[in-house]
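Anchor point for the sequence shown: position 29 equals 29 in my numbering, and the numbering is continuous, going up by one each time. Note that beta-carbon positions come from the ideal geometry of N, C-alpha and C, so glycine has one too.
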Amino acid sequence: MELKQLKYFITIVESGSLGKAAQKLDVGTSALSQQISKLEDELCTRLLSRTSSGVTPTPAGLAFFKQAQLSLRHVQYAIEAAHSSRLTGHVSVGFSPSIASVLGIPFMQLMSERYPDIKIHLVESLSGNLTNLVNSRQLDIAIIFTQDVDANWSVQPLLKEQMFLMANRALLLQYNFEDCIQNGQIDLERVNRLPLVLPSQRHGLRKFLDQKVELLDVDYEIDGLHLLMNCVSNLNVATIQPVSAHFDYLKSDICLLKVVEPELDRINYLISISEEELSPASLATKVAIKSCVKDLINKGLWPSAELLDF
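Right under this line is the structure:
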């Protein structure tokens, strides 16, 4: 039994005619008649008496009519309750600076549209700091680059990002890497010839690179992405980062070369306290993050990122 059948039946009884009901419902008379026949077959009883002047409900039809009206009224109450009941609460979310540069504004816009009564505390920090905040339960949700969190937390692979060498053109030309600039690629042997600046070893990107690359020669350590990228733009140093770290104001100054032999792909994990502990507001926020990430990648607004199944 479907709600539309109840609606059709009520309208027919109130109109006293299949033709008049069909006009009100903007449905063909034959289609309307078929739905009522299905309803009668399901109930194993005749609901309407058809005459040359119209239709009238049978005793069973009249009893059904009253209950059908009540059912549709309750459905409407449920719809109104859903519309009037907004999610509320406070949710703390952590993004790394590179993630925040791509996801931050679209995520906040989506939350303001979908859930205007949820208060978001958004923390931007390096992945290592976010991991500590997660493990100390100062964050409800975060995107980090490691699964090294409390066993009770929910960990879900979210997306994969390719890693690029970033350096100003003058530095690359100084090392005679013109062919790399033309090809848009560079191998790790050449990467290690360049003076590198990276976050310190307690941070997610550095841990990832140390696991993937043996004997990476790092000249400088900076635990702040904007300062790090400004140094790459203005000084003779290079770094390894995802494209999301290539902020708009740097785009005319820095060359991006895909790291190959081997390629470096970093997985971003969406983590939260266990699903059983999450508040409705936090659950809604997790869904919004995943929806936003999917939309950005599908629209080509997150370069070199690949959506993982979730």
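For residue i, which residues from the same chain have a beta carbon less than 6 Å from its beta carbon, with the 5 sequence-adjacent residues on both sides left out?
i: S92; result: H121, L139, D140
i: W302; result: V102, L296
i: D219; result: P195, L196
i: V260; result: Q185, D187
To which residues of the same chain is residue i closer than 8 Å at the C-beta, ignoring the five residues directly before and after it?
i: A284; result: L87, R114, Y115, I118
i: N236; result: N168, A170, L171, Q174, P195
i: S313; result: No answer is possible for residue 313: it lies beyond the span of the chain, which begins at 1 and ends at 310.
i: L215; result: N192
Rounded C-beta distance between residue i and residue j? I'm assuming under 8 Å.
i: I10; j: L48; result: Rounded, the Cβ-Cβ distance is 12 Å, inconsistent with contact.
i: L198; j: L209; result: 7 Å
i: D223; j: L196; result: The Cβ separation is near 15 Å, so there is no contact.
i: L307; j: K294; result: 6 Å
i: G94; j: L133; result: 6 Å
i: N268; j: L159; result: 5 Å
i: F145; j: G204; result: 4 Å
What's the C-alpha gap between residue i and residue j?
i: S279; j: H90; result: 9 Å
i: N129; j: A78; result: 44 Å
i: S233; j: Q241; result: 13 Å
i: T29; j: L70; result: 25 Å
i: S127; j: D148; result: 11 Å
i: V340; j: I271; result: Lying before the first or after the last residue shown, residue 340 is absent from the chain, which here runs from 1 to 310.
i: H246; j: E276; result: 37 Å
i: I143; j: N135; result: 13 Å
i: K207; j: D265; result: 13 Å
i: Y8; j: S37; result: 11 Å
i: I254; j: M229; result: 9 Å
i: I186; j: A281; result: 45 Å
i: Q211; j: R137; result: 27 Å
i: R50; j: Q76; result: 30 Å
i: V191; j: P262; result: 12 Å
i: Q182; j: L110; result: 39 Å
i: N298; j: Q162; result: 16 Å
i: P57; j: Q67; result: 13 Å
i: R193; j: E178; result: 15 Å
i: I12; j: V155; result: 54 Å
i: E80; j: Q34; result: 31 Å
i: M108; j: C292; result: 10 Å
i: K24; j: D150; result: 60 Å
i: P106; j: C44; result: 54 Å
i: G300; j: D26; result: 42 Å
i: S52; j: S112; result: 57 Å
With distances taken Cα to Cα, identify the nearest neighbour of residue i among the options.
i: S244; options: L70, I289, I99; result: I99
i: P59; options: R46, E161, R137, T51; result: R46
i: L62; options: E14, Q34, S101, L103; result: E14
i: S125; options: A21, E80, H226, K38; result: H226
i: A305; options: A281, K258, Q67; result: K258
i: P97; options: L32, T131, V123; result: V123
i: L39; options: T51, K4, A22; result: K4
i: L6; options: F107, L110, F64; result: F64
i: R202; options: T131, S112, R193; result: T131
i: C180; options: L256, P106, S112; result: L256
Bridge partners of residue i, per DSSP?
i: T56; result: S49
i: C255; result: A167
i: P242; result: M163
i: F95; result: E124
i: S272; result: I141, S154
i: A305; result: E161
i: L264; result: According to DSSP, L264 bridges with nothing at all.
i: L196; result: A238
For residue i, collect the residues of the same chain with a Cβ closer than 7 Å to its Cβ; drop the 5 residues on either side in sequence, then sort them by chain order.
i: N152; result: S274
i: E42; result: M1
i: G19; result: T29
i: C22; result: Checking the sequence shown, residue 22 turns out to be Ala, not Cys. These residues qualify, in order along the chain: G28, T29, L32.
i: S200; result: R206, E221, D223
i: N74; result: The displayed chain sequence assigns His, not Asn, to residue 74. Excluding positions up to five away in sequence, the list is empty.
i: V213; result: L188
i: T239; result: M166, L196, V197, L198, L228, V232
Verify the contact flag: residue i, CB atom, against every heavy atom of the ligand MG, threshold strictly below 8 Å.
i: A31; result: What this structure holds is no ligand at all, so the ligand MG is not there to describe.
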